[in-house]
Each structure stands twice: as structure tokens, then as C-alpha cells.
Amino acid sequence: MALDAQGIISAVTIAIYVPILLLALRIVFRYGIRERGWLLLVIFSLIRIVGGVLLVAAESITPAVLGLYIGGYALEASGLSPLMLSTLGLLEIITEGADGERKFPYLFKILHLVGIAALVLMILGITSSNSGSTAETERRVGVLLFAGLYIALIAVTALQWGIRYQLMKFRKQLLIVVSTALPFLAVRTLYSILSTFSSSSFTGSSDSNSALAKFNMFTGSWQIYVVMEVVMEYIIVLMYTLAGNKLHLDQDYKLQETDEYPLYRPQY
Numbered sequence: 572m573a574l575d576a577q578g579i580i581s582a583v584t585i586a587i588y589v590p591i592l593l594l595a596l597r598i599v600f601r602y603g604i605r606e607r608g609w610l611l612l613v614i615f616s617l618i619r620i621v622g623g624v625l626l627v628a629a630e631s632i633t634p635a636v637l638g639l640y641i642g643g644y645a646l647e648a649s650g651l652s653p654l655m656l657s658t659l660g661l662l663e664i665i666t667e668g669a670d671g672e673r674k675f676p677y678l679f680k681i682l683h684l685v686g687i688a689a690l691v692l693m694i695l696g697i698t699s700s701n702s703g704s705t706a707e708t709e710r711r712v713g714v715l716l717f718a719g720l721y722i723a724l725i726a727v728t729a730l731q732w733g734i735r736y737q738l739m740k741f742r743k744q745l746l747i748v749v750s751t752a753l754p755f756l757a758v759r760t761l762y763s764i765l766s767t768f769s770s771s772s773f774t775g776s777s778d779s780n781s782a783l784a785k786f787n788m789f790t791g792s793w794q795i796y797v798v799m800e801v802v803m804e805y806i807i808v809l810m811y812t813l814a815g816n817k818l819h820l821d822q823d824y825k826l827q828e829t830d831e832y833p834l835y836r837p838q839y
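Mind the numbering: the sequence shown is residues 572 to 839 in my numbering, read in order.
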């Protein structure tokens with residue numbers, strides 16, 4: 572069976588995220604799995620690859636299997652969580668000083684919990700056997716938590732810029748990368764909000780909001796989906812993976828030891 576526009580997009584998604592996955596794995600092997608910012612890039616890439624496989628399979632199987640569509644789109648919807656939490660993890664890495672200590676640890680823990688809570692609510696709203704109104708509320712509360720988390724990311728980034736003279740060399744460069752990615756993440760977050768509020772059901776099959784119907788992930792415009800989700804995500808992930816492979820964050824400590832970049836020397 573020939574693939575429609577969505578199937579072709581899914582096939583392309585698989586193709587572009589396989590090399591991203593390999594690049595992300597290289598970063599994780601370099602810095603270790605304890606660095607959540609980099610590890611979540613691997614998880615995000617896997618989500619996009621598996622989601623693409625499910626949607627291509629759904630297009631190829633006759634008769635249609637609704638579960639494959641729901642599974643594929645559920646992974647599409649849940650992808651925002653690891654992308655946001657990866658951004659948060661990178662901001663946490665940036666705060667690390669020459670002594671190995673990171674600033675604001677409790678703030679980052681709370682924000683990570685918010686991101687996890689948003690993901691859980693979204694998944695419950697998609698897969699739950701609860702009434703339609705309950706599932707709708709779960710999805711909408713979840714996506715609003717993502718919106719709140721994005722605002723928090725803006726605030727944390729601004730805070731980092733306020734103390735940029737205390738940041739080590741390569742971490743300051745990583746801050747530039749994350750700051751540049753935030754506008755693209757804003758568009759991606761907005762798409763999730765509009766898609767979630769476009770219909771009372773996840774599949775967009777009932778009580779569709781005509782003003783927002785074109786933003787529905789299931790039944791809306793595939794052109795909007797490509798621009799506001801696929802392209803935005805790929806730009807962000809490409810920026811992060813290239814930064815992770817190009818920036819020598821571990822060299823910050825060597826620069827401190829050789830006094831080549833003495834940020835922490837007392838200023839007079």
C-alpha cells in the first residue's frame with residue numbers, strides 16, 4: 572500500500588533520526604548516562620524512530636489497525652517531554668562550576684518533576700479508559716504544564732545570562748546554543764497546545780474546535796504539522812547534538828587547572 576503524506580513524513584523521520592541517535596549515543600558515551608541532558612536526546616531520538624515505524628506500519632497494513640495509529644501519535648505527543656527535559660538538563664550542566672558543584676539543584680529537581688508529571692498526564696489522557704471528559708482534562712492539564720515548564724526554561728536561561736561571567740568557557744558557549752534553540756521550542760510547544768485544544772478526543776474524531784481543527788495532530792494540516800513540529804524538533808535536536816560533539820565541556824576543568832581561563836580567580 573502506498574504511503575500518504577503522513578506515512579512519507581514518518582519514513583523521513585526515521586531516516587533523519589537514525590544518524591541523530593548515533594550522534595547522541597556518542598555524546599552519552601563521552602559524558603556518561605548520568606548527564607540527563609544528553610541521555611534524553613537518545614530517548615527522544617528513539618521515540619521518534621519507534622513512532623515513525625509504528626505510523627509507517629499503520630499505513631502499510633490492511634485493514635487498518637487503529638492501535639498502531641494511536642501508538643504512533645501517542646509517541647509523537649509524548650516527544651515534547653524529553654525534548655524539554657533535555658533542554659533543562661543542559662541548562663543544569665551549564666551551572667556546573669570549577670569545583671564540580673552545580674547551582675540551584677532543588678530548582679532543577681522540581682522542574683524535572685513538573686516535566687515528568689506533564690508527560691504522565693498526557694499519556695493517561697491518551698491511553699486511559701476513563702470517561703472522555705476526564706481524559707480530555709488530563710491531556711489539557713498536561714500540555715499546560717509543558718507551557719509552564721517552557722516559561723520556567725526562559726526564566727532559568729535569563730538567570731544564566733545574569734551570571735554568565737561566572738560560567739566556564741565551553742559552558743557559556745552551550746548557553747548560547749540553548750538560548751538559540753528556545754524560539755524553536757516555543758513554536759513546538761505552541762503546536763502541542765493548539766493540537767490538544769483542537770478537539771475533546773485525542774484522535775480529533777469528535778467535538779472538533781473548527782478554529783483549531785487544522786492544528787490537530789490526527790486530522791489537521793500536515794503542512795502545519797511538518798513546520799511547527801517536525802522541523803522545529805529537528806532544528807533543536809541537531810543544534811544540541813552538534814554542540815555535544817563539538818564543545819569540549821570536559822576541557823573547562825583543564826583550562827582552569829592551567830589558569831588559561833581563570834574565571835574563578837577573585838576579581839579586583
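Glycine included, every Cβ here is placed at the ideal spot set by N, Cα and C.
Beta-carbon gap between residue i and residue j smaller than 8 angstroms
i: glutamate 606; j: isoleucine 664; result: yes
i: valine 749; j: leucine 662; result: yes
i: leucine 756; j: threonine 658; result: yes
i: asparagine 787; j: arginine 597; result: no
i: isoleucine 580; j: valine 797; result: yes
i: serine 769; j: alanine 784; result: yes
i: glutamate 672; j: arginine 742; result: no
i: valine 621; j: tryptophan 609; result: no
i: leucine 654; j: alanine 689; result: no
i: leucine 684; j: glutamate 709; result: no
i: tyrosine 588; j: phenylalanine 789; result: no
i: leucine 682; j: alanine 723; result: yes
i: leucine 625; j: leucine 651; result: no
i: valine 636; j: glycine 578; result: no
i: alanine 669; j: methionine 739; result: yes
i: threonine 751; j: arginine 711; result: no
Cβ distance (whole Å) where residue i is taken to contact residue j below 8 angstroms
i: alanine 648; j: tyrosine 640; result: About 12 angstroms separates the two Cβ atoms, so there is no contact after all.
i: glycine 696; j: glycine 713; result: 6 angstroms
i: leucine 611; j: glycine 642; result: 21 angstroms between Cβ atoms; not a contact.
i: isoleucine 585; j: glycine 623; result: 4 angstroms
i: tyrosine 721; j: threonine 760; result: 5 angstroms
i: isoleucine 725; j: leucine 753; result: 7 angstroms
i: alanine 595; j: valine 583; result: That belief does not hold up - the Cβ atoms of alanine 595 and valine 583 are roughly 18 angstroms apart, past 8 angstroms.
Endpoints, alpha helix (DSSP H) assigned at residue i
i: phenylalanine 679; result: 676 to 698
i: proline 754; result: 740 to 767
i: glutamate 804; result: 803 to 817
i: valine 798; result: Here valine 798 belongs to no alpha helix (DSSP H), and DSSP marks it neither H nor E.
i: phenylalanine 615; result: 607 to 631
i: glutamine 577; result: 576 to 602
i: glycine 668; result: Unbroken run through glycine 668: none, as it is neither H nor E.
i: tyrosine 736; result: Segment: none, tyrosine 736 is in no alpha helix (DSSP H) and carries neither H nor E.
i: leucine 637; result: 637 to 649
Backbone secondary structure at residue i - three-state DSSP
i: serine 792; result: coil
i: serine 781; result: coil
i: serine 770; result: strand
i: alanine 726; result: helix
i: leucine 573; result: Sequence inspection shows alanine at residue 573; the leucine mentioned does not correspond to that position. If DSSP states are grouped into helix, strand and coil, alanine 573 belongs with coil.
i: proline 634; result: coil
i: leucine 654; result: helix
i: leucine 820; result: coil
Any chain B beta carbon closer than 8 angstroms to residue i
i: alanine 814; result: The displayed structure is made up of one protein chain only, and chain B is not part of it.
Counted within 10 angstroms of its Cβ, other Cβ atoms place residue i as buried (16 or more) or exposed
i: glycine 733; result: exposed
i: isoleucine 591; result: buried
i: tyrosine 835; result: The predicted model places tyrosine 835 with a pLDDT of 46, which falls under 50 and marks its position as unreliable, so this point remains unresolved.
i: isoleucine 807; result: buried
i: isoleucine 604; result: exposed
i: tyrosine 811; result: buried
i: isoleucine 618; result: buried
i: alanine 576; result: exposed
i: leucine 820; result: buried
i: serine 781; result: exposed
i: alanine 706; result: buried
i: leucine 593; result: exposed
i: serine 616; result: buried
i: glutamine 794; result: exposed
Heavy atom of the ligand ZN within 7 angstroms of residue i beta-carbon
i: glutamate 630; result: Summarising the ligand content, the structure contains no ligands, and the ligand ZN is consequently not present.
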